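**Student:** One structure follows; several queries about it will come next.
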Amino acid sequence: MAAHVGDGFVNQHPSALGSPSQGKAAYLERLADFLATFSGLTYEAVDIVVEGDRAAAAYVMRAEVDGTPIEIGGVMRLTIRDGLIERRVDYFDSLTFLRQTGQA
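Using the numbering used here, count along the sequence shown one by one with no gaps and you end on 235.
Written out as C-alpha cells, the structure reads:
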C-alpha cells in the first residue's frame with residue numbers, strides 16, 4: 132500500500148478508534164506498528180466501485196490481535212491523483228473490534 136500513496140496522502144478514519152494522519156512520511160511511520168498489531172493482516176474485497184479518480188471498496192479485514200482472530204467489515208473511499216492514492220477514508224466498526232478482542 133505504501134508504494135501507492137502520494138507525498139500528501141491524507142489517511143482518515145472516522146470510526147471511534149480511528150486515528151488519522153497526513154502525509155506519506157507520517158503514514159509510513161505508523162504503518163510498522165499497525166502491521167505488528169494486526170498480525171497476518173488480509174483484506175478481502177467484497178465490492179469495488181470506480182468512477183473517474185474515485186473508488187470505493189467494501190472489504191472484510193482479517194488478522195490476529197494478541198493471538199485473537201478478528202474479522203471486521205468496512206468500506207474505504209479512495210481518491211487517486213497521478214496514479215497515486217491522495218486520500219483514503221476508511222470506515223470500520225470499532226465496536227466489533229472491541230467485542231472480538233474482549234474489550235467490550
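Yeah, the Cβ is synthetic: ideal placement off N, Cα and C, and Gly gets one too.
The model shown is predicted, which means the values in this text are computed figures rather than measured ones.
Taking contact to mean at least 3 C-beta pairs separated by less than 8 Å, is the region 181-193 in contact with the region 201-219?
**Tutor:** Result yes; three or more Cβ-Cβ pairs closer than 8 Å.
**Student:** Give the list of continuous beta strand (DSSP E) stretches no shorter than 3 residues that lie fully inside the region 157-212.
**Tutor:** DSSP runs (the beta strand (DSSP E)) wholly in the region 157-212: 170-182, 185-196, 199-212.
**Student:** With C-beta atoms as the reference, is A188 less than 9 Å away from M207?
**Tutor:** Taking the sequence shown and counting its residues from 1, the one referred to as residue 188 is at position 57. Taking the sequence shown and counting its residues from 1, the one referred to as residue 207 is at position 76. It is a contact, given that the beta carbons lie within the stated cut-off.
**Student:** Is it the case that the Cβ atoms of L215 and F165 are separated by a distance below 9 Å?
**Tutor:** Here residue 215 refers to the residue found at position 84 of the sequence shown. Here residue 165 refers to the residue found at position 34 of the sequence shown. Against a cut-off of 9 Å, the Cβ pair of F165 and L215 comes out as no contact.
**Student:** Among residues of its own chain, excluding the 5 on either side of F169, which ones have a beta-carbon nearer than 7 Å to its beta-carbon?
**Tutor:** One-based indexing of the sequence shown puts residue 169 at position 38. For F169, where only same-chain residues beyond five positions count, the Cβ hits under 7 Å are A194, V196.
**Student:** Return the chain-ordered list of same chain residues with a C-beta closer than 7 Å to the C-beta of T227, the five sequence neighbours on each side being excluded.
**Tutor:** Residue 227 sits at position 96 when you count from the first residue of the sequence shown. Closer than 7 Å at the Cβ level, and outside the excluded window around T227, lie I203.
**Student:** What's the gap between the Cα of R212 and the Cα of I179?
**Tutor:** Counted from its first residue, the sequence shown places residue 212 at position 81. Counted from its first residue, the sequence shown places residue 179 at position 48. Cα-Cα distance, rounded: 18 Å.
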